[in-house]
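Here is the structure we will look at.
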Amino acid sequence: MNRISTAHRIYFFAVCSFGLFVGGMGYFAPELISWAVPLTLPPLHARTVASLYLAGGTMMLLAGFAQEAKQVRLSTVVATIWTGSLGIVTLFYLDQFDTGLRSTWFWFFAYSVYPAAGLFFILRARKGTNSGERSPLPALSRFLLGGVGVFALAVSLQLLFMPGYMVTIWPWKLSLMLAQIYGGPLLGLAAITLLMTAADKDECFISAVGITMFPLLALAASLMHPNLFTPLGLSSLVWFGCLVISSLAGGFVLTGIMARKENSRKG
428 MNRISTAHRI YFFAVCSFGL FVGGMGYFAP ELISWAVPLT LPPLHARTVA SLYLAGGTMM
488 LLAGFAQEAK QVRLSTVVAT IWTGSLGIVT LFYLDQFDTG LRSTWFWFFA YSVYPAAGLF
548 FILRARKGTN SGERSPLPAL SRFLLGGVGV FALAVSLQLL FMPGYMVTIW PWKLSLMLAQ
608 IYGGPLLGLA AITLLMTAAD KDECFISAVG ITMFPLLALA ASLMHPNLFT PLGLSSLVWF
668 GCLVISSLAG GFVLTGIMAR KENSRKG
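Residues 428 to 694 in our numbering are what the sequence shown spells out, letter by letter.
Structure, rendered in structure tokens:
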């Protein structure tokens with residue numbers, strides 16, 4: 428069994444601590460999120476960002492306590508894409524960050540060091556990869572993941588590269604910077620959702636938790652602010668519909684993985 432190195436665990440716990448701090452602050456005390464990140468966000472924005480961070484932070488926490496290296500392969504990928512894309516986005520908006528804030532300097536540190544460290548662990552893992560037989564998820568699970576992943580990938584790429592268009596169709600008022608900040612984490616979740624379609628089932632549990640948590644938390648956050656959505660508006664219907672479908676798809680995949688793990692223990 429190829430076990431996780433101590434350095435890799437430290438990496439996961441470092442990313443986890445930042446993710447859960449930002450996520451907890453933004454979701455449960457959105458008016459205080461500026462303590463955690465150098466951004467001023469209205470409550471719905473704060474809770475949506477926090478939904479991403481809570482999902483990502485939980486994945487990193489589970490990865491930190493995992494035993495086998497293959498169990499955290501996808502977690503390393505999502506952390507690297509997530510933090511790397513946000514680091515790149517930051518470079519385009521440097522004039523909007525207050526360098527007098529400690530949170531600004533930690534933001535710069537996190538989104539430069541975390542992706543570099545993640546890339547290091549990905550490259551190191553490739554050298555020791557065992558190309559044995561894989562036992563993929565069932566066909567229906569892979570179909571659902573593929574559908575959700577392709578849609579999430581399309582949305583994330585448009586948020587990152589076509590923010591001007593996306594702010595015109597988003598269900599609530601959105602700035603160009605925030606559109607791209609949404610796009611980074613969503614790109615990471617889209618990537619692992621698609622990677623799960625070809626991954627071994629033992630690699631998918633942690634990722635399944637993350638891709639189920641985000642839409643559930645974002646759905647709950649949206650329901651806390653119904654006055655910000657246009658009733659029966661197309662963008663609002665698409666937003667809520669996508670969150671419900673993604674939650675159900677993720678929940679189906681996650682419960683299937685958990686059921687198979689339980690059956691294997693009994694067997």
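Using N, Cα and C, we set each Cβ at its ideal position, and we do this for glycine too.
Nearest-angstrom Cα distance between residue i and residue j?
i, j, result
"Leu572", "Met604", "28 Å"
"Ile437", "Ile672", "35 Å"
"Pro590", "Gly511", "18 Å"
"Ile608", "Lys693", "44 Å"
"Arg551", "Arg500", "11 Å"
"Thr526", "Leu468", "18 Å"
"Ala543", "Phe656", "39 Å"
"Gly611", "Tyr538", "11 Å"
"Pro658", "Glu495", "47 Å"
"Trp599", "Ser662", "9 Å"
"Phe514", "Thr620", "In the sequence as displayed, the identity of residue 514 is Gly instead of Phe. The straight-line gap from Cα to Cα measures roughly 22 Å."
"Pro565", "Val575", "16 Å"
"Gly668", "Ile638", "16 Å"
"Phe524", "Gln498", "37 Å"
"Thr475", "Leu650", "11 Å"
"Ser432", "Gly660", "50 Å"
"Tyr592", "Leu584", "12 Å"
"Leu521", "Ile596", "26 Å"
"Leu459", "Asn690", "44 Å"
"Arg553", "Leu567", "29 Å"
"Val577", "Leu622", "11 Å"
"Ser461", "Leu664", "30 Å"
Which partner residues does residue i have in the DSSP bridge list?
i, result
"Arg430", "Glu495"
"Asp627", "Pro563"
I'd like the list of long-range same chain contacts for residue i, defined as Cβ closer than 6 Å, with 5 residues on each side in sequence excluded.
i, result
"Asp627", "Arg561 and Ser562"
"Val594", "Leu601 and Ala606"
"Leu670", "Pro642, Ala645 and Leu646"
"Ala676", "Leu571 and Val575"
"Phe439", "Met487, Ala490 and Gly491"
"Trp666", "Pro598"
"Val582", "none"
"Leu546", "Thr507"
Which same chain residues, not among the five before or five after residue i, have their C-beta less than 7 Å away from its C-beta?
i, result
"Met640", "Leu481, Ala482 and Thr485"
"Ala618", "Val504, Val505 and Ile508"
"Arg430", "Gln494, Glu495 and Ala496"
"Ile549", "Thr503, Val504 and Thr507"
"Val636", "Thr485, Met486, Leu489 and Leu681"
"Tyr541", "Val442, Ala506 and Thr510"
"Phe384", "This structure cannot settle anything about residue 384, because the visible part of the chain is limited to 428 through 694."
Since I believe residue j is in contact with residue i (beta carbons under 8 Å), could you give me their beta-carbon distance rounded to a whole number of angstroms?
i, j, result
"Gly453", "Ala463", "7 Å"
"Val449", "Ala477", "7 Å"
"Leu643", "Leu613", "Not a contact, Cβ separation roughly 15 Å."
"Leu528", "Ala579", "Actually they do not touch by this definition, with Cβ atoms about 31 Å apart."
"Arg569", "Thr624", "4 Å"
"Pro457", "Ala473", "4 Å"
"Leu447", "His652", "Leu447 to His652, Cβ: 23 Å. No contact."
What residues in its chain sit with their C-beta under 8 Å from that of residue i, if we drop five residues either side in the sequence?
i, result
"Met685", "Phe632"
"Pro465", "Phe524, Asp525, Leu528, Ser530, Thr531 and Trp534"
"Thr517", "Phe524, Trp534, Phe535 and Tyr538"
"Ala648", "Tyr454, Leu471, Arg474, Thr475, Ala477 and Ser478"
Using 8 Å as the cut-off, can you tell me whether the segment 626 to 646 makes contact with the segment 678 to 685, which would need three or more C-beta pairs spanning the two stretches below that distance?
Taking 8 Å as the limit for Cβ pairs, the verdict is that the segment 678 to 685 does touch the segment 626 to 646.
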